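Numbering (the working numbering), first residue to last: 918 to 1069.
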Amino acid sequence: MADYKHWLDDFSKWFKDVKEHELKKMVDEFIKEEQRWREFGKNKLNDYKHYFKRDLQHISQHHDHYQGVAWEEFKESILYELAYLEDRTQLEWQALMSDFAHDGVYKEGEWIALGQLVCKNCGNKTDVYHTLEIKACSECGHDTFLRKALTP
């Protein structure tokens, strides 16, 4: 806390000492930098759209090559990215309501949409980014899990 107060005192002294043209320059630089970040975000989103469309077109043309583990991993990675784009707070609220109904405990054969399943027997953790049917623990075969929220 003392470090923060010291920094705040220094900042106040500097701010009182700044000439008007220096302050204007600082604000102008801040605005330019903010605009660069906005453009970067737009460009990045456009790149993602382009690559996603390209990949989907390739898959539709060569669908017989997409069988097995590689295809499943690709689908999981897409669903993972979509979960990050989705409003995860709303999804977590819905999952929390489900937790109340389940008293926080989920069994093999039930469905879960988002969260982290933790095996009650061995503690093995599985991240879930889309709706799936709960299977037995891959480590110990146990059928009972706790659901934890995903970290933001």
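From the three backbone atoms N, C-alpha and C, an ideal C-beta is built for every residue, glycine too.
Just so you know, these numbers come straight off a predicted model, no measurement behind them.
CB of residue i within 8 Å of CB of residue j, strictly
i	j	result
His1019	Asn1038	no
Leu1031	Val1045	yes
Ile995	Glu1025	no
Trp1028	Thr1043	no
Proximity winner among the options, relative to residue i (alpha-carbon distances)
i	options	result
Lys1033	Ala1066, Glu1027, Glu956	Contrary to the premise, residue 1033 reads as Gln rather than Lys in this sequence. Comparing Cα-Cα distances from Gln1033 to each of Ala1066, Glu1027, Glu956, the minimum goes to Ala1066.
Tyr965	Asn1041, Val1035, Glu998	Glu998
Thr1061	Glu993, Cys1036, Asn1041	Cys1036
Lys992	Lys941, His979, Leu973	Leu973
Glu1056	Arg1064, Leu1063, Asn1041	Asn1041
Limits of the unbroken beta strand (DSSP E) element including residue i
i	result
Asp1044	1042-1045
Gly1032	1032-1036
Leu1063	1061-1065
Lys1024	1022-1024
Beta-ladder partner(s) of residue i, from DSSP
i	result
Trp988	DSSP, once it has assigned bridges, lists no residue as partnering Trp988.
Ile1029	Leu1049
Chain C contact for residue i (CB, 8 Å cutoff)
i	result
Lys961	No chain C appears in the structure shown, which is made up of a single protein chain.
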